[in-house]
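K.L.:
Protein sequence lines, in the order shown, are assigned to chains A and B. Under numbering that gives the first Met the number 0, the residues of the first sequence are numbered 0 to 439, in order. Under numbering that gives the first Met the number 0, the residues of the second sequence are numbered 0 to 228, in order. Starting off with a structure, shown below.
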Amino acid sequence: MATPRTRPRFSATFTPDVMSEIRRAAATGIYDIRGAGAKRALPHFDDLLFLGASVSRYPLEGYRERCDTEVILGSRFASKPIRLKTPVTIAGMSFGSLSANAKEALGRGASLAGTSTTTGDGGMTDEERGHSQTLVYQYLPSRYGMNPDDLRRADAIEVVIGQGAKPGGGGMLLGQKITERVAGMRCLPPGIDQRSACRHPDWTGPDDLEIKLGELREITDWEKPIYVKVGASRPYYDTALAAKSGADVVVLDGMQGGTAATQDVFIENVGIPILAAIRPAVQALQDLGLHRKVQLVVSGGIRSGADMAKALALGADAVAIGTAALIALGDNDPAYEAEYEALGTTAGAYDDWHEGNDPAGITTQNPELMKRLDPERAGRRLANYLSVMTLEAQTIARACGKSHLHNLEPEDLVALTIEAAAMAGVPLAGTDWIPGKTGF
Amino acid sequence: MPAFDLHERPLRELNRALHALRTDTNETLWRVANPDGRHSIAVGLDAPVTVEIGGNAGYYCGGMNKQATVIVHGSAGVGVAENMMSGAVHVHGDASQSAGATAHGGLLAIYGNAGSRCGISMKGIDIVVRGSIGHLSAFMAQAGTLTVLGDAGEALGDSLYEARLYIRGTVKSLGADCIEKPMRDEHRAQVYAKLEAAGLAGEVDPAEFRRYGSARQLYHFHVDNAGAY
Ligand SMILES: Cc1cc2nc3c(=O)[nH]c(=O)nc-3n(C[C@H](O)[C@H](O)[C@H](O)COP(=O)(O)O)c2cc1C
């Protein structure tokens, strides 16, 4: 009888993924760039559960008793705040990283659902303005395509300081996607690899930011809500300083948040998960007496009405989605499996968005591929998905006895893990223990 | 001729009144007294009028300007004429950092000196500086011209794209991917045209300027260039 041998064993440190990256790095000498958000497992909304009503609290009747969802953003200083039918908005994604059809579809879907969509690093296109009932115009360090006419035809302005996928990093759009139209909008030569700045060119720090927001308000006659978007890293201070600088709305994006193209090492190692960022941000607003006066929009890995309800219960006023919206349009659809395989990947794992070869016609500027995305039908799918998210959140809220999604509160939540309990500041399920707050 | 005293009335009223002007307005000359370094004076204009500011302006004076001519009879703070689209901004004193940042068009004429990052990320504007400019000027400058009668500080034109830089005096150092390029007749003619637009033609000889532009080595990622940073 042969001597029994140990089964070949993989290292938990040098996993097959790690080894393949080392080989890739050794072969090319350059870091890996990709799209999408952090792929590693992180403490997330899955680690929280709602406590439905029973004897101590009573629930609301599904389909019979109202559970409102409307949210108003920008009521602090803007004379024309934004009203959304449901507290989920479409996050800023640039024309350039996305095709014109994809941008149009996002506008159509958001408008059908009664919510807003957002431009991105690259300016506003007529397609997206035309098809978006409520459009937020991003003001980024690169200022690509920035102009006062678009500023005035926007419904709100979002000053971008950072993104969850890469707090402290600038944008990146590689040559394959810099077509004549994209280049023209950015005032750059076509075909070059383009990096956008990571700091704003004409202000640094919170005191300057306050002056900058003042300028944008003066230019738009104090009509438009002004958001300030930050990547989650020091959420307490960043939120406090954004509010102090005069923001109407703070947008907080966690590390799971998607990106069009960033170094993998950046995506996976910089910033903190959104679960850990919401409570400190809410605390900052509460300490300033501004909670619910300055609205908080959170994003980074939001996938469902449950995620939305949990974010709202922790104190956010609304959520934003990027990746989930792209999936609703048709991104990574198994129907294109053969083509994903030809690109050396598989449906669900495709993230080489920067290369511009997306079989689904979303993260591409290739006119042939782009044609595959019918903006009307894709917009309808997005609207369906947004309405499911809303219904799901209402289902949960009614079960907790709430007549408005905003009445959800941390007391409705418990955590499944000690980490999530500490980060979200809610008790570990079955105990009254909040690590760091009660007991030890 | 409307006169507006910022001691008497708030800035918000001035900007609103200027925004309300139509292209065919006959109120074409505005005088603003007592600016006292206030920020965001005459921002977001879009009518062919002239606004004369009688003193020093703070940050972002003339920001996002279209069509209008804004004249500062004093110095200007950070980001004067930032993101200007067309028209002109004249600064008779000095300008602070980031003058003309990201501007797409129009003329920014500074008759004193400009601080650091003059013309940062410029996208088509023409900037003329009679004095000198500070460090990191024309950083990532994409398009347009920067004409300087005096000297330039460190790291001129770092990572620049297609903007043209004309410097008459010394350049302390060039930034990554910025190189000197030969001055030909077309360039001398361009310098002359820009000086003329700023009212400085005849003051200096265009032949005394040197031209700097992008070596275009960083337009595509290449490992061998990693050392440039
Ligand atoms: C394709 C793509 C492009 C993006 N472009 C921008 C951008 O131009 N500006 C910006 O602030 N954020 C950008 N983001 C980030 C989103 O605005 C948002 O923060 C993020 O997608 C939210 O996380 P989620 O994808 O998990 O929903 C982009 C994201 C994606 C997926």
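Ideal placement from N, C-alpha and C gives every residue a C-beta, glycine not left out. Source: prediction; values computed, not measured.
1) Excluding the 5 residues preceding and the 5 following B:Asn82 in the sequence, name in chain order all residues of the same chain whose CB lies nearer than 6 Å to its CB.
2) Just the Cα atoms here: how many angstroms apart are B:Ala80 and B:Lys65?
3) Looking at the structure shown, is B:Gln66 part of a helix, part of a strand, or coil, going by DSSP?
4) Just to confirm, are B:Ala206 and B:Arg183 a CB contact at a threshold of 9 Å?
5) Classify A:Thr389 as helix, strand or coil using the three-state DSSP reduction.
6) Applying the 10 Å Cβ sphere with the 16-neighbour rule, what's the burial state of B:Lys171?
7) Give me, in chain order, the residues of the same chain whose beta-carbon lies closer than 6 Å to that of A:Ile395; leave out the 5 immediate sequence neighbours on both sides.
8) Taking just the CA atoms, how far does A:Leu412 sit from A:Leu287?
9) Use the C-beta contact count for A:Asp237: other C-beta atoms within 10 angstroms, 16 or more gives buried, fewer gives exposed.
10) Return the CA-CA distance between B:Thr49 and B:Val69, expressed in angstroms with no decimal places.
11) Following a CB-centred definition, is B:Ser213 positioned closer than 8 Å to any heavy atom of ligand 1?
12) Hey, which unbroken runs of the beta strand (DSSP E) at 3 residues or more fall wholly within the stretch 272-344 of chain A?
13) Contact between the stretch 167-179 of chain A and the stretch 258-266 of chain A is defined here as three or more beta-carbon pairs at a separation below 8 Å; is this criterion met?
14) Taking 9 Å as the CB-CB limit, is A:Lys211 close to chain B?
15) How about A:Thr440: is its C-beta nearer than 9 Å to some C-beta of chain B?
16) Contact criterion: CB-CB distance below 9 Å. Does B:Met182 meet it with respect to chain A?
17) Can you give me the C-alpha to C-alpha distance between A:Lys228 and A:Asp252, rounded to a whole angstrom?
18) Less than 9 Å separating the beta-carbons of B:Gly43 and A:Ile225?
19) Cβ closer than 7 Å: which chain E residues qualify as neighbours of A:Asp201?
20) Quick check: A:Leu105 and A:Leu111, are their CB atoms within less than 9 Å of each other?
21) Helix, strand or coil: how does DSSP classify A:Leu59 here?
22) Sorted by chain position, which residues of the same chain lie with C-beta nearer than 8 Å to A:Tyr30's C-beta, five sequence neighbours on each side aside?
23) Measuring from the CB of A:Thr258, is there a heavy atom of ligand 1 at a distance below 8 Å?
24) I'd like the list of long-range same chain contacts for B:Thr200, defined as Cβ closer than 8 Å, with 5 residues on each side in sequence excluded.
25) Say yes only if the C-beta of A:Gln255 is nearer than 8 Å to one or more non-hydrogen atoms of ligand 1, and no if none qualify.
26) What residue does the beta strand (DSSP E) around A:Leu48 start on, and which one ends it?
27) Nearest-angstrom Cα distance between A:Asn365 and A:Asp149?
28) Can you give, in chain order, each stretch of the alpha helix (DSSP H) that sits fully within the stretch 139-218 of chain A and has at least 4 residues?
29) List the residues that DSSP assigns as beta-bridge partners of B:Trp29.
30) First and last residue of the alpha helix (DSSP H) that includes A:Lys102?
31) What's the C-alpha gap between A:Lys223 and A:Asp154?
32) Compute the distance between the beta-carbons of A:Thr116 and A:Glu127, then report whether it is under 9 Å.
33) Would the beta-carbon of A:Gly144 be found less than 8 Å away from any heavy atom of ligand 1?
34) For B:His72, which residues of its own chain have a beta-carbon under 6 Å away from its beta-carbon, when the five flanking residues on both sides are left out?
35) Who are the Cβ neighbours of A:Asp192 in its own chain at under 6 Å, not counting the five residues just before and after it?
36) Are A:Arg397 and A:Cys66 touching if we call contact CB-CB under 9 Å?
P.N.:
In this structure, then:
1) As a working mapping, residue 82 of chain B is identified with position 83 in the second sequence. Correct list, in chain order: Met63, Thr101 and Ala102.
2) Along the second sequence, one-based indexing puts residue 80 of chain B at 81. Along the second sequence, one-based indexing puts residue 65 of chain B at 66. Each residue's Cα considered, the two are about 10 Å apart.
3) Here residue 66 of chain B is taken as the residue at index 67 of the second sequence, counted from 1. Of the three classes helix, strand and coil, the one that applies to B:Gln66 here is coil, per DSSP.
4) Looking up residue 206 of chain B in the second sequence gives position 207. Looking up residue 183 of chain B in the second sequence gives position 184. No, they are not a contact pair.
5) As a position in the first sequence, residue 389 of chain A is number 390, starting the count at 1. In this structure, A:Thr389 counts as helix in the three-state DSSP scheme.
6) Taking the first residue of the second sequence as 1, we reach residue 171 of chain B at position 172. B:Lys171 is exposed by the Cβ-count criterion.
7) Along the first sequence, one-based indexing puts residue 395 of chain A at 396. For A:Ile395, where only same-chain residues beyond five positions count, the Cβ hits under 6 Å are Phe49 and Ala308.
8) If you number the first sequence from 1, residue 287 of chain A lands on position 288. If you number the first sequence from 1, residue 412 of chain A lands on position 413. Each residue's alpha carbon lies about 25 Å from the other.
9) Locating residue 237 of chain A in the first sequence gives position 238, counting from the first residue. By the 10 Å Cβ count, A:Asp237 comes out buried.
10) By one-based count along the second sequence, residue 49 of chain B stands at place 50. By one-based count along the second sequence, residue 69 of chain B stands at place 70. Between B:Thr49 and B:Val69, the C-alpha separation is close to 6 Å.
11) By 1-based counting over the second sequence, the position of residue 213 of chain B is 214. No; taking the cut-off as 8 Å, the Cβ of B:Ser213 has no heavy atom of ligand 1 nearer than that.
12) 294-298 and 317-320
13) yes
14) Position 212 of the first sequence, counted from the start, is the residue given in the question as residue 211 of chain A. Yes - at least one Cβ of chain B is within 9 Å of the one on A:Lys211.
15) Since the displayed chain A opens at 0 and closes at 439, residue 440 of chain A lies outside it and no answer follows.
16) On the second sequence, residue 182 of chain B is found 183 positions in, with the first residue counted as 1. Not an interface residue.
17) Within the first sequence, residue 228 of chain A is the residue found at index 229, counting from 1. Within the first sequence, residue 252 of chain A is the residue found at index 253, counting from 1. C-alpha separation (whole angstroms): 7 Å.
18) Looking up residue 43 of chain B in the second sequence gives position 44. Looking up residue 225 of chain A in the first sequence gives position 226. No, Cβ-Cβ distance for B:Gly43 and A:Ile225 is not below 9 Å.
19) Annotation note: the requested chain E is absent from the structure, which comprises protein chains A and B.
20) Counted from its first residue, the first sequence places residue 105 of chain A at position 106. Counted from its first residue, the first sequence places residue 111 of chain A at position 112. No, they are not a contact pair.
21) Counting from one through the first sequence, the residue named residue 59 of chain A turns up at place 60. Correct three-state label for A:Leu59: coil.
22) Along the first sequence, one-based indexing puts residue 30 of chain A at 31. Once the five neighbours on either side are set aside, the close Cβ partners of A:Tyr30 are Ala24, Gln262, Asp263 and Val264.
23) As a working mapping, residue 258 of chain A is identified with position 259 in the first sequence. Checking the Cβ of A:Thr258 against ligand 1 gives yes.
24) Counted from its first residue, the second sequence places residue 200 of chain B at position 201. The sequence given here places Ala at residue 200 of chain B; Thr does not occur at that position. Hits under 8 Å: Tyr191 and Leu194.
25) The residue given as residue 255 of chain A occupies position 256 in the first sequence. Here the distance from the Cβ of A:Gln255 to the nearest heavy atom of ligand 1 is below 8 Å.
26) Position 49 of the first sequence, counted from the start, is the residue given in the question as residue 48 of chain A. Looking at the DSSP string, the run of the beta strand (DSSP E) that includes A:Leu48 is Leu47 to Phe49.
27) For the purposes of this step, residue 365 of chain A is taken as residue 366 along the first sequence, with counting starting at 1. For the purposes of this step, residue 149 of chain A is taken as residue 150 along the first sequence, with counting starting at 1. The alpha-carbon atoms of A:Asn365 and A:Asp149 are separated by roughly 26 Å.
28) Counting whole runs of 4 or more residues, the stretch 139-218 of chain A contains the alpha helix (DSSP H) stretches 147-152, 179-185 and 204-218.
29) To locate residue 29 of chain B, count along the second sequence from 1; it is residue 30. Answer by DSSP bridge pairing, in chain order: B:Val50.
30) For the purposes of this step, residue 102 of chain A is taken as the residue at position 103 of the first sequence. Where A:Lys102 is concerned, the enclosing alpha helix (DSSP H) starts and stops at Ala99 to Ala112.
31) Taking the first residue of the first sequence as 1, we reach residue 223 of chain A at position 224. Taking the first residue of the first sequence as 1, we reach residue 154 of chain A at position 155. The straight-line gap from Cα to Cα measures roughly 6 Å.
32) Stepping through the first sequence from its first residue, residue 116 of chain A is reached at position 117. Stepping through the first sequence from its first residue, residue 127 of chain A is reached at position 128. Contact flag set, yes.
33) Counted from its first residue, the first sequence places residue 144 of chain A at position 145. Between ligand 1 and A:Gly144, a heavy atom-to-CB distance of less than 8 Å is absent.
34) In the second sequence, the residue the question calls residue 72 of chain B occupies position 73. So the qualifying residues of the chain are Gly53 and His91.
35) For this step, residue 192 of chain A is matched to residue 193 along the first sequence. Excluding positions up to five away in sequence, the list reads Leu173 and Gly174.
36) Sequence index remark: in the first sequence, residue 397 of chain A carries index 398 (1-based). Sequence index remark: in the first sequence, residue 66 of chain A carries index 67 (1-based). A contact, by the Cβ cut-off of 9 Å.
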